[in-house]
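Each remark here refers to the structure printed beneath this line.
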Amino acid sequence: MEEERRRRRELLEAAKAGDEAAFAAFFEQNQGLVRMVVSRFSGRGAEYDDLFQVACMAFVKAVAGFELSAGVQFSTYAVPVMLGEVRRYFRDNGALRVSRSIREQAHRLAALRESLSFSLGREPSVGELAEASGLEPESVAMALDSLAPVLSLSYAGEEGASPLFELLGDDPTQSMLDKAAVGSALDKLPERQKKLVLLRYYRSKTQQETARELGISQVQVSRLEKKALAALRELLA
Numbered sequence: 347m348e349e350e351r352r353r354r355r356e357l358l359e360a361a362k363a364g365d366e367a368a369f370a371a372f373f374e375q376n377q378g379l380v381r382m383v384v385s386r387f388s389g390r391g392a393e394y395d396d397l398f399q400v401a402c403m404a405f406v407k408a409v410a411g412f413e414l415s416a417g418v419q420f421s422t423y424a425v426p427v428m429l430g431e432v433r434r435y436f437r438d439n440g441a442l443r444v445s446r447s448i449r450e451q452a453h454r455l456a457a458l459r460e461s462l463s464f465s466l467g468r469e470p471s472v473g474e475l476a477e478a479s480g481l482e483p484e485s486v487a488m489a490l491d492s493l494a495p496v497l498s499l500s501y502a503g504e505e506g507a508s509p510l511f512e513l514l515g516d517d518p519t520q521s522m523l524d525k526a527a528v529g530s531a532l533d534k535l536p537e538r539q540k541k542l543v544l545l546r547y548y549r550s551k552t553q554q555e556t557a558r559e560l561g562i563s564q565v566q567v568s569r570l571e572k573k574a575l576a577a578l579r580e581l582l583a
């Protein structure tokens, strides 16, 4: 077993150094890993060959970016990289893509929501946003939904906790990697942002309850939450 690990490491070192034969051999050893990632997205309306190509390109990126001194297995690093690239492919090319006009409308509504939050002292409802914008409530909800991330990870720190992000499937390996990635990203947030995210998504606290625990206003909670989630998305990308 130790000898096998040594040979795989030497093959990876050679692949990183630009040895094409070594890279081909290393890819052959890990092709099952690539196909496992692609299989997570089956039935989502994209051609398998297209997804496989995206995952292969991400595999190349993972080989180039992997630090041999990191102290983790290559698969632990490569799987999130490939998942991220396939998710980006769906975001840019998938069926969930929305028109520019809807996204522009969504940004105007987001600014209006911010303004109403100041005047009301709380987060406005969809109905209040609809009345202030002159749009139907259904149009407001659809536009604001377009600002949400298309795909995300999951995080739950203990049994029974509410998930921060949606699981892509019930594969325990995937779940483990997702939780590790989000947990690592959370640790990089400023302490107040981290506590806010844990209160809102880990303990399912409302914005009002979170505001009381943090000693700030609900409007400040709303702003801080947006910053924290934006930072998490950037870290996880």
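Just remember that our numbering sits 346 ahead of the position in the sequence shown, which is counted from 1.
For glycine and all other residues, C-beta sits at the position ideal for the given N, C-alpha and C.
(message) Are the CB atoms of Ala392 and Ala408 within a distance shorter than 8 Å?
(response) Walking along the sequence shown from the start, residue 408 turns up at place 62. Walking along the sequence shown from the start, residue 392 turns up at place 46. Not in contact: Ala408 and Ala392 (Cβ atoms no closer than 8 Å).
(message) Taking the alpha helix (DSSP H) that Gln419 belongs to, which residues open and close that run?
(response) Counting from one through the sequence shown, the residue named residue 419 turns up at place 73. Neither: Gln419 is in no alpha helix (DSSP H) and is coded neither H nor E.
(message) Cutting at 8 Å between CB atoms, please list the residues of its own chain near Leu578, excluding the five before and the five after it.
(response) Indexing the sequence shown from 1 puts residue 578 at position 232. If we look at Leu578 and ignore the five residues flanking it on each side, its Cβ neighbours are Val528, Ala531, Leu532, Leu535 and Val543.
(request) Go through its chain and collect everything with a Cβ distance to Glu505's Cβ below 8 Å, but skip five positions before and after it. (result) Locating residue 505 in the sequence shown gives position 159, where the first residue counts as 1. Because Glu505 sits at a pLDDT of 45, beneath the cut-off of 50, its placement in the model cannot be relied upon, and the following sentence gives the value as read from the coordinates. None.
(request) Might you give, ordered along the chain, the residues of its own chain that have their beta carbon closer than 6 Å to the beta carbon of Gln554, omitting 5 neighbours on each side? (result) Within the sequence shown, numbered from 1, the residue matching residue 554 stands at position 208. Counting only Cβ-Cβ distances below 6 Å, and skipping sequence neighbours, we find Gln564.
(request) Please report the residue range of the alpha helix (DSSP H) in which Gly378 lies. (result) Counting from 1 along the sequence shown, the entry for residue 378 is found at position 32. Here the alpha helix (DSSP H) through Gly378 covers Glu366 to Ser385.
(message) Which of the three DSSP states is assigned to Glu356 in this structure?
(response) Your numbering for residue 356 matches position 10 in the sequence shown. Correct three-state label for Glu356: helix.
(message) Along the chain, where does the alpha helix (DSSP H) containing Leu481 start, and where does it finish?
(response) Walking along the sequence shown from the start, residue 481 turns up at place 135. That residue, Leu481, is in no alpha helix (DSSP H); it is neither H nor E in DSSP.
(message) Less than 6 Å between C-beta atoms, sequence neighbours within five positions excluded: which residues of the same chain meet that for Val567?
(response) Reading the sequence shown from its first residue, position 221 is the one you call residue 567. Excluding sequence positions up to five before and after Val567, its CB lies within less than 6 Å of the CB of Gln553, Thr556 and Ala557, all in the same chain and listed in chain order.
(request) If I'm right that Leu462 touches Pro470 with Cβ under 8 Å, what's the distance once you round it to whole angstroms? (result) Here residue 462 corresponds to residue number 116 of the sequence shown, with the count starting at 1. Here residue 470 corresponds to residue number 124 of the sequence shown, with the count starting at 1. For a cut-off of 8 Å, the C-beta gap from Leu462 to Pro470 is around 4 Å, short enough to register as a contact.
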